[in-house]
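Peer 1:
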Amino acid sequence: MLVKIKCADCNTEGTISLLETSYQGPYRCWKCRGLFSIQLHNGQLKSCDPLSQEEFEKLQEIDALKKKFKRD
Ligand SMILES: [Zn+2]
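In the working numbering, the protein residues as written are 961 to 1032.
1) Any heavy atom of ligand 1 closer than 8 Å to the Cβ of threonine 972?
2) Closest by CA to methionine 961, which one among Thr975, Cys967 and Glu1021?
3) Which first and last residues belong to the alpha helix (DSSP H) in which lysine 991 is found?
4) With a threshold of 16 other CB atoms inside 10 Å of the CB of phenylalanine 1016, please say whether the residue is buried or exposed.
5) Verify the contact flag: lysine 1028, CB atom, against every heavy atom of ligand 1, threshold strictly below 8 Å.
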């Protein structure tokens, strides 16, 4: 499913594609390039916290690992 995420910095809506309606992971705004850690529940945005580049990359790695394990 595709979920719309509104950037906390510039209010621009972006979309992310999810396998489930709940998600916790990194999000990057396509417009202002802001980095966030987002949390979704039932397709609704529950939290959106700004991240540093370093934290963002760490989250991305964890996210990639999770997806890998799910496939296997
Ligand atoms: Zn933005």
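All residues carry an ideal CB built from backbone N, CA and C; glycine is no exception. Computed from a predicted model, the values in this text were never measured in an experiment.
Peer 2: Reading off the structure:
1) yes
2) Thr975
3) Taken as a continuous stretch (DSSP letters only), lysine 991 belongs to no alpha helix (DSSP H), as it is neither H nor E.
4) buried
5) no
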